[in-house]
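K.L.:
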Amino acid sequence: MPRGTARGRIVPQSLSTDPRIGRLTLKAALLYDRLWINCDDQGRVSGNPAEIKYAACPNIDHITKEDIPELLKELEDVGLINVYSTSKVTAIQMLDWWQEQKLQWAWPSRFPPPEGWQDRLRYKKSAKEVVTVNWGVSPENSPESSPELSAFISAVPPLT
Numbered sequence: 001m002p003r004g005t006a007r008g009r010i011v012p013q014s015l016s017t018d019p020r021i022g023r024l025t026l027k028a029a030l031l032y033d034r035l036w037i038n039c040d041d042q043g044r045v046s047g048n049p050a051e052i053k054y055a056a057c058p059n060i061d062h063i064t065k066e067d068i069p070e071l072l073k074e075l076e077d078v079g080l081i082n083v084y085s086t087s088k089v090t091a092i093q094m095l096d097w098w099q100e101q102k103l104q105w106a107w108p109s110r111f112p113p114p115e116g117w118q119d120r121l122r123y124k125k126s127a128k129e130v131v132t133v134n135w136g137v138s139p140e141n142s143p144e145s146s147p148e149l150s151a152f153i154s155a156v157p158p159l160t
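For the sequence shown, counting from 1, position 22 maps to 22 in my numbering; every step adds exactly one.
(1) Compare the Cα-Cα distances from F111 to each of V130, G47, T64 and T25 and report the closest residue.
(2) Ordered along the chain, which non-local residues of its own chain (more than five positions away) have a Cβ less than 6 Å from that of V83?
(3) I'd like the ranges of any beta strand (DSSP E) spanning at least 3 consecutive residues and lying wholly in the segment 40-112.
(4) Based on Cα-Cα distance, which residue from G79, V133, V89 and T90 lies nearest to Q104?
(5) For A28 and K125, I'd like the C-alpha separation in whole angstroms.
(6) Would S109 and D119 qualify as a contact pair, given that the criterion is a beta-carbon distance under 8 Å?
(7) What's the gap between the Cα of P49 and the Cα of H62?
(8) If you drop the 5 nearest sequence neighbours on each side, which residues of the same chain put their C-beta closer than 8 Å to that of T90?
(9) Indicate whether D41 and W107 have their beta-carbon atoms separated by less than 8 Å.
(10) Give the DSSP-derived three-state secondary structure of K128 in the structure shown.
(11) Taking the C-alpha atoms as reference points, what is the distance between N141 and R34?
(12) Who are Y123's beta bridge partners in DSSP?
(13) Check for me: the alpha helix (DSSP H) holding L35 runs from which residue to which?
(14) Given a cut-off of 8 Å, decide if K88 and I68 are closer than it, judged by their beta-carbon atoms.
(15) For I10, which of helix, strand or coil comes out of DSSP?
(16) Which residue wins for smallest C-alpha separation from P58, given the options E100, E129, N38 and E74?
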């Protein structure tokens, strides 16, 4: 499991009453929960249908690799996800991520953020150094105060 992916991500209780979920087919609703628990710390996951099938629903025969693009469109149409292309891969951003996840630590994603999205980072660079960016409202959490962040993010290998 890549760094920045939780071993046990919790699906938010608020999804049970979200009207957007009620507008989904059962397959799309099931896939959404499975995508959520496979996200990295920034709320991203691969948009490749084969990878989604393997990671999110390998034993659910009712959801095929061929179904996944249509199900992703359904999720995107109701405003739950953003499917976007990077220079190398297709990725998915969970749009309610920071409203629902209250993380103590958050590593950078291996996927670049979609346009207009702002990552929140807090991770241990070394035993004595914690990098914090956009984590709170204090000046030390601003991107300008963490010049090493750019170097770290560019050093994270992209998924291929």
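All C-beta atoms in this analysis are idealised placements derived from N, C-alpha and C, irrespective of residue type, glycine included.
From a predicted model like this one, the values you see are computed outputs, not experimental measurements.
P.N.:
Let me spell this out:
(1) When C-alpha distances from F111 are compared across V130, G47, T64 and T25, the shortest belongs to G47.
(2) Same-chain partners within the cutoff: G47, L72, E76 and I92.
(3) If one requires a minimum length of 3 residues, the beta strand (DSSP E) runs lying completely within the segment 40-112 are 44-46, 81-85 and 90-94, in chain order.
(4) Comparing Cα positions, the closest option is V133.
(5) Cα-Cα distance, rounded: 38 Å.
(6) Yes. Within cutoff.
(7) Going from the Cα of P49 to the Cα of H62 covers about 14 Å.
(8) Within the same chain, S46, G47, N48, V83 and Y84 come within 8 Å of T90 by CB-CB distance, once the 5 residues on both sides are set aside.
(9) Yes, Cβ-Cβ distance for D41 and W107 is below 8 Å.
(10) Reduced to three states, the DSSP call for K128 is coil.
(11) A caution first: N141 carries a pLDDT of 42, below 50, which makes its placement in the model unreliable, though a value can still be read off. N141 and R34 have their C-alpha atoms spaced approximately 32 Å apart.
(12) Assignment of beta-bridge partners to Y123 by DSSP yields V131.
(13) Secondary structure note for L35: its alpha helix (DSSP H) is the uninterrupted segment L26 to I37.
(14) In this structure, K88 does not lie closer than 8 Å to I68 by Cβ.
(15) DSSP places I10 in coil when its eight states are reduced to three.
(16) Ranking E100, E129, N38 and E74 by Cα distance to P58 puts N38 first.
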